[in-house]
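Residues 18 to 721 in this note's numbering are what the sequence shown lists, from first letter to last. Just so you know, even glycine gets a beta-carbon here, dropped at the ideal spot from N, CA and C. Treat the numbers as computed from the prediction; the structure is a model and nothing was measured. Here is the structure we will look at, set down as structure tokens.
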Amino acid sequence: MATTAELFEEPFVADEYIERLVWRTPGGGSRGGPEAFDPKRLLEEFVNHIQELQIMDERIQRKVEKLEQQCQKEAKEFAKKVQELQKSNQVAFQHFQELDEHISYVATKVCHLGDQLEGVNTPRQRAVEAQKLMKYFNEFLDGELKSDVFTNSEKIKEAADIIQKLHLIAQELPFDRFSEVKSKIASKYHDLECQLIQEFTSAQRRGEISRMREVAAVLLHFKGYSHCVDVYIKQCQEGAYLRNDIFEDAAILCQRVNKQVGDIFSNPETVLAKLIQNVFEIKLQTFVKDQLEECRKCDAEQYLKNLYDLYTRTTNLSSKLMEFNLGTDKQTFLSKLIKSIFISYLENYIEVETGYLKSRSAMILQRYYDSKNHQKRSIGTGGIQDLKEKIRQRTNLPLGPSIDTHGETFLSQEVVVNLLQETKQAFERCHRLSDPSDLPRNAFRIFTILVEFLCIEHIDYALETGLAGIPSSDSRNANLYFLDVVQQANTIFHLFDKQFNDHLMPLISSSPKLSECLQKKKEIIEQMETKLDNGIDRTLNCMIGQMKHILTAEQKKTDFKPEDENNVLIQYTNACVKVCAYVRKQVEKIKNSMDGKNVDTVLMELGVRFHRLIYEHLQQYSYSCGGGMLAICDVAEYRKCAKDFKIPLVLQLFDTLHALCNLLVVAPDNLKQVCSGEQLANLDKNILHSFVQLRADYRSARLA
């Protein structure tokens, strides 16, 4: 059986159990093992083992039954014991209830007895107190204070309590009969009050917080309690303002007082609030007045800087004080203190701001024009100027005399940065110093000044001057500076737009002034875009005029109809070389002067006009076979130049023109085939015919 027990392992697996039994049995191995396989012996072993297992099972079953009986017996005993404990607990609970009722009964009796004793003792104490007060009153009546409480300086606290009560009683007495005694009590009341305040002052100088608390508690019922608080506030500030920064000194003072005021006074928030009020109304107000009044009338710039700085530092101090307990509505309390200091300066702030900004902006512009030795010319306004502008837009004609600007754009990024910086500072001051209800309106006023001096007096003036400086389209060797104006105006307006979004929008975003500002900005943009478009259009006309002048001066009729057809050595004409060089220079200038889609738009317009010019130019000549080949070479060079535009339409136009030029050189018999080719099939027959007419052999080569 021991061997059988050894075969059991946890966890029990039947297959493994049989396997272990087989390997432990002699002759139970495989046929190739050390002992031959003996099935009979293995069967015998299995039968014996089964019998052993049956015996083991019977033993275990008997043991289980015995344990179950023992468990049932112990469960019954435990249940019986629990029932007995429940009965004992119920009895104890009943005893506890009885005891609780008895205690309640005794407590009721004791409370009743206490009430009775108090009812007897309270009148007695009042009678004793009244007797004492009558005794002390008698001393005042007799005119001689004999009691130790009045003569012993160490009993000033008791004397103060007595005299305070006597003072209240004396106020109820008729004046005609008790005038003298009332006067004596009042005099003693005043003397004690002065002694207590003096004691409080001495204790504060010694730094004795406990003594200060005792004296303050006594003075709380006296009329001079507020004077005690005033003395405390005054002494707190002695030696507190030693730095150059009065705001930092005030913050440190309030932090120090906040830590100790609760240990001295019963109403610390009131005392701290009174200290802060004293600091604001006396120290800060005096400091602010000294800083502002001296520059208010003579230096607006310094005045505005000082006002902004002082107001900011005052509000920062107020934010620090918000963490202290100053009563229920400390936000309103501190706001009123700030307003009391700055109200006289804030009432007319925006008038000073706008006046200074106008004069400063005008000075910046004038200083710039003076540096250029330029006297600003008057630009008309109103109906006449509007009429001129409309005529100029529709006719593209220069109105008025042309002005030679000598390449000067009259635009300066330095001037713009200075104007935007001044306006940015004005917006910041406006945000800080304006009342919330006035903020959008004040910000709009500053914005209109920026528009007036930056957009109208500077950018618009430069555009008008630039437009006046654009030469006529038939001028020779004209210098075109308007694209420089376009480039700088574009850069400047980006800066203007950035300031609009970064500094103005936050101030007006939730007010009706937003739509007004956006509308004004839109009008300015449209006005400037109109002038820029007009100037660019006239500049393109000048460019085409320059190209036409080059072609007229350099192109010869013999270029395309040479006397000796067999001696044409050049690849393209001199006129083509100069025109392409000029065009490439202007394309590069346009790309540098503009950005975004504007570049493509202007280049496409220039390319279309350039194509039209070359097309019309080629129509003026008659072409021999060799001259036609030279014309094709010229157009190929023009097409290469057109690739620099990077505009598909322009390249397509020159591709078509190049195909048209092939009509000048193909054999007469092949003209119809070429005309029906892919590039020329969709063109009008009149156009094709017009190019065929340019051939020197037109009569024999004309189309059917």
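Does any residue of chain B have a CB that is nearer than 8 angstroms to the CB of L677?
This model lacks chain B altogether; it includes just one protein chain.
For M545 and L568, what's the separation of their Cα atoms in angstroms?
M545 and L568: Cα-Cα distance of roughly 34 angstroms.
Need the endpoints of the alpha helix (DSSP H) that H675 sits in, please.
From DSSP, the alpha helix (DSSP H) with H675 extends over P665 to C678.
The alpha helix (DSSP H) spanning D247 covers which residue range?
Start and end: Y242 to C253.
When you compare only the Cα positions, how much space is there between L623 and V667?
When rounded, the distance between both Cα atoms is 9 angstroms.
With a threshold of 7 angstroms on Cβ separation, who are the neighbours of Q696 within its own chain once the five nearest residues in sequence on each side are excluded?
For Q696, where only same-chain residues beyond five positions count, the Cβ hits under 7 angstroms are D672, T673 and A676.
Below 8 angstroms, can you find three or more Cβ-Cβ pairs linking the region 522-532 to the region 488-501?
No, they do not touch.
Compute the beta-carbon to beta-carbon distance between L620 and V604, rounded to the nearest angstrom, for a pair I have assumed lies under 8 angstroms.
Their Cβ separation, rounded to whole angstroms, is 7 angstroms, which keeps L620 and V604 in contact under 8 angstroms.
Below 8 angstroms CB to CB, which residues in the same chain sit around G694 once its five sequence neighbours on both sides are set aside?
A676, listed in sequence order.
From the DSSP output, which residues share a beta bridge with Y640?
According to DSSP, Y640 bridges with R712.
Buried or exposed: where does R409 fall if 16 or more other Cβ atoms within 10 Å of its Cβ makes it buried?
The pLDDT assigned to R409 is 47, lower than 50, so where the model puts this residue is not dependable; a value taken from the coordinates is nonetheless given after this. Classification of R409: buried, given that the 10 Å Cβ count is 16 or more.
Flag this pair as yes or no: are the beta carbons of I466 and S378 separated by less than 8 angstroms?
Yes. Within cutoff.
The alpha helix (DSSP H) with V296 in it runs from where to where?
Per DSSP, V296 belongs to no alpha helix (DSSP H) and is neither H nor E.
From Q252, L237 and V235, pick the residue whose C-alpha is nearest to that of R223; which is it?
Among Q252, L237 and V235, the Cα nearest to that of R223 belongs to Q252.
When the Cβ atoms of the region 272-281 are set against those of the region 215-233, are three or more pairs found closer than 8 angstroms?
In short, these stretches touch, since the Cβ pair count reaches three.
Hey, S639 and A698: beta-carbon distance below 8 angstroms or not?
Contact: no.
For the alpha helix (DSSP H) that contains M560, what are its first and last residues?
Residues K530 to E571.
Once DSSP output is grouped into helix, strand and coil, what is the label at M73?
Note: M73 maps to helix in three-state DSSP.
Between which residues of its own chain and I649 is the CB-CB distance below 6 angstroms, once the five residues before and five after are set aside?
Only C678 meet the Cβ criterion.
If L436 and F470 are in contact, beta carbons under 8 angstroms, what's the gap, nearest whole angstrom?
The pair is a contact, with the Cβ atoms about 6 angstroms apart (cut-off 8 angstroms).
Please give me, in chain order, every unbroken run of the alpha helix (DSSP H) with length at least 4 that falls completely inside the region 682-709.
Listed in chain order, they are 688-692 and 702-709.
Within the continuous alpha helix (DSSP H) that includes P457, where are the two ends?
Its alpha helix (DSSP H) spans residues L456 to L467.
Compare the beta carbon distance of F427 and A479 with 8 angstroms and say whether it is the shorter of the two.
In this structure, A479 lies closer than 8 angstroms to F427 by Cβ.
Taking the continuous alpha helix (DSSP H) assigned at T329, which residues delimit it?
It spans A317 to L338 - the alpha helix (DSSP H) in which T329 sits, taken as one unbroken run.
Could you pull out every residue in the same chain whose Cβ sits closer than 6 angstroms to the Cβ of L756, ignoring the five residues on either side in sequence?
Residue 756 is absent from the model: the chain starts at 18 and stops at 721.
Among residues of its own chain, excluding the 5 on either side of Y325, which ones have a beta-carbon nearer than 7 angstroms to its beta-carbon?
So the qualifying residues of the chain are R446, R449 and L450.
Helix, strand or coil for E425, going by three-state DSSP, please let me know.
Coil at E425, not helix or strand.
Throw me the rounded Cβ distance for the L358 and Q302 pair, which I believe falls under 8 angstroms.
In the sequence under discussion, the amino acid at residue 358 is Ile, which differs from the Leu named in the question. Contact holds; Cβ gap of about 5 angstroms.
To which residues of the same chain is L630 closer than 8 angstroms at the C-beta, ignoring the five residues directly before and after it?
Correct list, in chain order: I561, M564, K565 and L568.
Pull up the CB-CB distance for R656 and L557, whole angstroms please, since I reckon it's below 8 angstroms.
Actually they are not in contact, since the Cβ atoms of R656 and L557 sit about 20 angstroms apart, beyond 8 angstroms.
Look up Y599 in the DSSP assignment and say whether it is helix, strand or coil.
Y599 falls in the helix class under three-state DSSP.
Might you give, ordered along the chain, the residues of its own chain that have their beta carbon closer than 6 angstroms to the beta carbon of Q402, omitting 5 neighbours on each side?
Interpretation of Q402 is limited by its pLDDT of 49, a score under 50 that renders its predicted location unreliable; no figure is taken from the coordinates.
Would you check if the distance between the CB atom of K291 and the CB atom of V246 is smaller than 8 angstroms?
Cβ atoms of K291 and V246: closer than 8 angstroms.
Short check: CB of F341 to CB of L270, under 8 angstroms?
No, they are not a contact pair.
The alpha helix (DSSP H) that contains H520, what's its start and end?
No alpha helix (DSSP H) holds H520; DSSP gives it neither H nor E.
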